[in-house]
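When you line the sequence shown up against the working numbering, it's residues 60 to 206, in that order.
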Amino acid sequence: MSATIQLTSLNWDAALKVVRGALEHAQTLDIAVCAVVMDRGGNQIAAGRDPRAPFHSNGIAADKATTAAGFGMPTSQWWGFIEQMNSPGITAGLPSTDRLTVFGGGVPIYQGAELIAGIGVSGGSEEQDEACARAGLALAGLVAEPG
60 MSATIQLTSL
70 NWDAALKVVR
80 GALEHAQTLD
90 IAVCAVVMDR
100 GGNQIAAGRD
110 PRAPFHSNGI
120 AADKATTAAG
130 FGMPTSQWWG
140 FIEQMNSPGI
150 TAGLPSTDRL
160 TVFGGGVPIY
170 QGAELIAGIG
180 VSGGSEEQDE
190 ACARAGLALA
200 GLVAEPG
(Lines of atoms letter the chains of each structure in order from A; the text may use other names.)
(Lines give C-alpha, C1' and ligand atoms only; values in the text may rest on other atoms or scores of the structure.)
Protein backbone atom coordinates (compact mmCIF):
# COMPACT_ATOMS: atom_id res chain seq x y z
CA MET A 60 0.00 0.00 0.00
CA SER A 61 1.29 3.44 -0.93
CA ALA A 62 2.08 5.95 1.80
CA THR A 63 0.65 8.78 -0.31
CA ILE A 64 -2.59 9.70 -2.01
CA GLN A 65 -3.34 11.99 -4.91
CA LEU A 66 -6.09 14.59 -4.69
CA THR A 67 -7.43 16.72 -7.52
CA SER A 68 -7.96 20.40 -6.89
CA LEU A 69 -9.61 23.18 -8.84
CA ASN A 70 -7.13 25.46 -10.59
CA TRP A 71 -7.15 29.23 -10.04
CA ASP A 72 -8.51 30.03 -13.49
CA ALA A 73 -11.60 27.85 -13.05
CA ALA A 74 -12.02 29.15 -9.48
CA LEU A 75 -12.03 32.73 -10.77
CA LYS A 76 -14.71 31.79 -13.33
CA VAL A 77 -16.84 30.34 -10.53
CA VAL A 78 -16.48 33.56 -8.52
CA ARG A 79 -17.25 35.69 -11.59
CA GLY A 80 -20.38 33.69 -12.34
CA ALA A 81 -21.61 34.04 -8.76
CA LEU A 82 -21.02 37.80 -8.70
CA GLU A 83 -22.62 38.28 -12.12
CA HIS A 84 -25.72 36.36 -11.01
CA ALA A 85 -25.89 38.48 -7.87
CA GLN A 86 -26.04 41.58 -10.08
CA THR A 87 -29.07 40.17 -11.90
CA LEU A 88 -30.74 39.69 -8.50
CA ASP A 89 -29.73 43.23 -7.45
CA ILE A 90 -27.86 42.00 -4.39
CA ALA A 91 -24.29 42.61 -3.22
CA VAL A 92 -22.36 39.49 -2.23
CA CYS A 93 -18.96 38.01 -1.54
CA ALA A 94 -17.99 34.74 -3.23
CA VAL A 95 -15.11 32.54 -2.09
CA VAL A 96 -13.77 29.26 -3.50
CA MET A 97 -11.86 26.97 -1.12
CA ASP A 98 -10.05 23.71 -1.74
CA ARG A 99 -10.76 20.58 0.32
CA GLY A 100 -8.18 21.61 2.90
CA GLY A 101 -9.84 24.96 3.57
CA ASN A 102 -7.33 26.97 1.53
CA GLN A 103 -8.65 29.89 -0.47
CA ILE A 104 -8.25 29.57 -4.24
CA ALA A 105 -10.23 32.64 -5.36
CA ALA A 106 -12.50 35.33 -3.95
CA GLY A 107 -14.48 38.31 -5.09
CA ARG A 108 -16.52 40.93 -3.27
CA ASP A 109 -19.03 43.50 -4.44
CA PRO A 110 -17.95 46.68 -2.60
CA ARG A 111 -21.53 47.08 -1.35
CA ALA A 112 -21.58 43.65 0.32
CA PRO A 113 -21.82 43.57 4.11
CA PHE A 114 -18.46 43.55 5.88
CA HIS A 115 -18.94 40.11 7.47
CA SER A 116 -19.96 38.48 4.20
CA ASN A 117 -16.38 37.66 3.22
CA GLY A 118 -15.77 35.53 6.32
CA ILE A 119 -19.19 33.93 6.12
CA ALA A 120 -18.69 33.06 2.43
CA ALA A 121 -15.29 31.51 3.25
CA ASP A 122 -16.83 29.38 6.01
CA LYS A 123 -19.65 28.25 3.71
CA ALA A 124 -17.10 27.27 1.05
CA THR A 125 -14.97 25.44 3.62
CA THR A 126 -17.99 23.49 4.91
CA ALA A 127 -19.10 22.53 1.39
CA ALA A 128 -15.57 21.55 0.34
CA GLY A 129 -14.94 19.61 3.53
CA PHE A 130 -18.12 17.54 3.58
CA GLY A 131 -19.26 17.46 -0.05
CA MET A 132 -22.82 18.63 0.51
CA PRO A 133 -24.53 22.00 0.23
CA THR A 134 -24.63 23.94 3.47
CA SER A 135 -28.40 24.31 3.03
CA GLN A 136 -28.71 20.58 3.86
CA TRP A 137 -26.86 20.74 7.18
CA TRP A 138 -29.69 21.77 9.49
CA GLY A 139 -31.91 18.93 8.24
CA PHE A 140 -28.99 16.53 8.69
CA ILE A 141 -28.49 17.72 12.28
CA GLU A 142 -32.19 17.37 13.08
CA GLN A 143 -32.23 13.81 11.69
CA MET A 144 -29.43 12.83 14.04
CA ASN A 145 -31.81 13.55 16.96
CA SER A 146 -28.88 14.04 19.34
CA PRO A 147 -28.68 17.01 21.72
CA GLY A 148 -24.90 16.82 21.62
CA ILE A 149 -24.76 17.02 17.85
CA THR A 150 -27.47 19.70 17.74
CA ALA A 151 -25.44 21.85 20.13
CA GLY A 152 -21.95 20.91 18.98
CA LEU A 153 -21.95 20.97 15.21
CA PRO A 154 -23.28 24.51 14.74
CA SER A 155 -20.64 25.80 17.17
CA THR A 156 -17.78 24.05 15.36
CA ASP A 157 -15.26 26.54 13.98
CA ARG A 158 -15.77 27.24 10.25
CA LEU A 159 -18.80 24.89 9.97
CA THR A 160 -21.81 26.70 8.53
CA VAL A 161 -25.30 25.18 8.78
CA PHE A 162 -27.26 27.56 6.53
CA GLY A 163 -27.51 27.96 2.77
CA GLY A 164 -25.02 29.50 0.39
CA GLY A 165 -22.21 26.95 0.29
CA VAL A 166 -22.04 24.41 -2.54
CA PRO A 167 -19.49 21.64 -3.18
CA ILE A 168 -17.67 21.43 -6.49
CA TYR A 169 -17.24 18.02 -8.09
CA GLN A 170 -15.33 16.75 -11.08
CA GLY A 171 -16.98 13.46 -11.89
CA ALA A 172 -17.26 11.58 -8.61
CA GLU A 173 -14.41 13.49 -6.94
CA LEU A 174 -14.98 16.38 -4.55
CA ILE A 175 -12.45 19.04 -5.56
CA ALA A 176 -13.51 22.32 -3.87
CA GLY A 177 -16.41 24.37 -2.57
CA ILE A 178 -17.89 27.81 -3.18
CA GLY A 179 -19.54 29.98 -0.57
CA VAL A 180 -21.61 33.08 -1.26
CA SER A 181 -22.87 35.54 1.34
CA GLY A 182 -24.82 38.78 1.16
CA GLY A 183 -28.32 37.76 0.06
CA SER A 184 -30.88 35.33 1.44
CA GLU A 185 -29.86 31.69 1.78
CA GLU A 186 -31.71 30.88 -1.44
CA GLN A 187 -30.15 33.80 -3.33
CA ASP A 188 -26.67 32.91 -2.10
CA GLU A 189 -27.05 29.30 -3.21
CA ALA A 190 -28.45 30.38 -6.59
CA CYS A 191 -25.39 32.60 -7.08
CA ALA A 192 -23.05 29.75 -6.12
CA ARG A 193 -24.74 27.40 -8.59
CA ALA A 194 -24.61 30.06 -11.32
CA GLY A 195 -20.86 30.30 -10.73
CA LEU A 196 -20.50 26.56 -11.20
CA ALA A 197 -22.57 26.70 -14.39
CA LEU A 198 -20.38 29.44 -15.87
CA ALA A 199 -17.28 27.31 -15.25
CA GLY A 200 -18.92 24.11 -16.51
CA LEU A 201 -18.75 22.45 -13.08
CA VAL A 202 -21.32 20.61 -10.95
CA ALA A 203 -22.40 20.47 -7.31
CA GLU A 204 -23.20 16.75 -7.21
CA PRO A 205 -20.99 13.73 -7.85
CA GLY A 206 -21.54 12.28 -11.26
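Backbone N, C-alpha and C fix where the C-beta goes; we use that ideal spot for every residue, glycine too.
Taking C-beta separations shorter than 6 angstroms and ignoring five residues to either side along the sequence, the partners of residue 84 in its chain run 191, 194, following chain order. With fewer than 16 other CB atoms across the displayed protein chains lying within 10 angstroms of its CB, residue 72 is exposed.
DSSP places residue 182 outside both helix and strand once states are collapsed to three, so it counts as coil.
According to DSSP, residue 98 shares a beta bridge with 176. For residue 166, the enclosing beta strand (DSSP E) covers residues 165 to 170. Annotation for residue 107: 78, 82, 94 place their beta carbon closer than 6 angstroms to its own, counting only its chain and skipping 5 residues before and after.
Put simply, the segment 165 to 175 touches the segment 130 to 138. At least three CB pairs are less than 8 angstroms apart.
Setting aside the 5 residues that flank it on each side, residue 67 is surrounded in the same chain by 170, 173, 175, each with a C-beta closer than 8 angstroms to its C-beta; the list follows chain order. The C-beta of residue 64 has fewer than 16 other C-beta atoms within 10 Å across all chains shown, which makes the residue exposed.
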